[in-house]
Amino acid sequence: MKTSHQEIIQEPRARFAFTETSVWRKFYEAARLCHLYGEIGRVTGPSGVGKTTAVNEYKRRDDSAIVIRAHHRYSTREVFVDLCEACHIEPKGTVHRMMRELVTKLHHSARLLILDEAEHLSPSTLDEVRQLNDRAGIGILYVGIDRFRSRLQSLRGDYEYIVNRVKVPASLRKLTLGDAASLCRTVIPELSDECVKLYHRESGGDGRFMENHVFKSLIAARHSSVPVGSEAFAEIIAQTADILLERGGRK
0 MKTSHQEIIQ
10 EPRARFAFTE
20 TSVWRKFYEA
30 ARLCHLYGEI
40 GRVTGPSGVG
50 KTTAVNEYKR
60 RDDSAIVIRA
70 HHRYSTREVF
80 VDLCEACHIE
90 PKGTVHRMMR
100 ELVTKLHHSA
110 RLLILDEAEH
120 LSPSTLDEVR
130 QLNDRAGIGI
140 LYVGIDRFRS
150 RLQSLRGDYE
160 YIVNRVKVPA
170 SLRKLTLGDA
180 ASLCRTVIPE
190 LSDECVKLYH
200 RESGGDGRFM
210 ENHVFKSLIA
220 ARHSSVPVGS
230 EAFAEIIAQT
240 ADILLERGGR
250 K
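Heads up, the sequence shown is in numbering that gives the first Met the number 0, so the first residue is 0 and it goes up one at a time.
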């Protein structure tokens, strides 16, 4: 019995339990260096590999970390308003006034500022944020897609001093087969090696696609009365991948 396209895509999406993947380990190493030594760093990598998951886990483990998420057209003032609110400072006045308040609050605090989706930050915003490292001594970690690394390189010249201040660079890669096994087996402990390989191959190392694929294939198996440990489950994995790729592919 085949499961319909609509039956699969209309089910709510679940999440993998947090797992210490290769992406997490590389992220954590960079974040700790910035945090402990008050350096500026950047972690960049493809979409879907778990950068934001790693940011959230770091914050969960160390609540002193300040996490700000950028977005399209995120102005310098908006960044500093969000920073003030995260530090329990009333955000008022100019950016420079908020900067003074933040420097007073954060000086010798040994905290880490993580700016997620940093590809949305303008050069002038990067310059203002850099001053928190100069004047308050806090570590700063920019996290973004690979485009952010390219943007930093393009700033050489007018903004050479911003690029040169990034002392902890880290580039992430797609999830490995071992990562796929660890993630998938948080949901299906009995999953065979062959099925792990199928999930990894179909995802192309994209954790977001893999997560969606695992849960959607479980839904399809349930609707089709196919046991997860059976040979027929591999067919369910392939069928579900086709549906998900037809729907929109990997993001």
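Ideal placement from N, C-alpha and C gives every residue a C-beta, glycine not left out. All values derive from a computational prediction rather than experimental measurement.
Item, Value
"Which residues DSSP lists as bridging GLY44, in chain order", "ILE144"
"Within 8 Å, strictly: CB atoms of GLY263 and GLU38", "Nothing in the structure corresponds to residue 263, since the chain is present only between 0 and 250."
"Beta-carbon gap between HIS258 and ALA69 smaller than 8 Å", "No statement about residue 258 is possible, as the shown extent of the chain runs from 0 to 250 and does not include it."
"GLU89 to ALA30 span [Cα, whole Å]", "28 Å"
"Spatial distance of ARG150 from PHE232 (CA atoms)", "44 Å"
"GLY203 versus TYR141: straight-line alpha-carbon distance, rounded", "25 Å"
"Residue interval of the beta strand (DSSP E) (run including ASP115)", "111-115"
"8 Å Cβ cutoff met for ILE144 and SER46", "yes"
"PHE17 to LEU182 span [Cα, whole Å]", "8 Å"
"Which of helix, strand or coil DSSP assigns to SER63", "coil"
"First and last residue of the uninterrupted beta strand (DSSP E) at LYS196", "Not the beta strand (DSSP E): LYS196 falls in the alpha helix (DSSP H), residues 192-202."
"ILE65 and ARG110 closer than 8 Å at C-beta", "yes"
"Own chain residues within Cβ distance below 7 Å of THR124, not counting five before or after", "THR75 and VAL78"
"LYS215, enclosing beta strand (DSSP E) - first and last residue", "It is not in any beta strand (DSSP E) - LYS215 instead sits in the alpha helix (DSSP H) that spans 206-223."
"Spatially closest choice to GLY92 from CYS86, ALA85 and GLU100, by CA coordinates", "GLU100"
"Alpha-carbon spacing of THR2 relative to SER21, whole angstroms", "With a pLDDT of only 44 at THR2, under 50, the local geometry of the prediction cannot be trusted, and no value is derived from it."
"Run of the alpha helix (DSSP H) containing PRO122, from where it starts to where it stops", "122-135"
"Neighbourhood of PHE15 by C-beta distance below 6 Å, restricted to the same chain and skipping five residues each side", "LEU182, THR185 and GLU210"
"Cutoff 8 Å; reference PRO122; Cβ partners in own chain excluding five residues on either side", "LEU154, ASP157, TYR158 and ILE161"
"Identity of the residue in GLN238, SER216, VAL227 and ILE235 nearest GLU189 by Cα", "VAL227"
"The alpha helix (DSSP H) enclosing ALA169, as first and last residue numbers", "That residue, ALA169, is in no alpha helix (DSSP H); its beta strand (DSSP E) goes 165-170."
"Helix, strand or coil at ILE161 according to DSSP, with G and I counted as helix", "helix"
"Cutoff 8 Å; reference VAL80; Cβ partners in own chain excluding five residues on either side", "PRO90 and MET97"
"7 Å CB neighbourhood of LYS25 in its chain, flanking five on each side removed", "ALA169 and LEU171"
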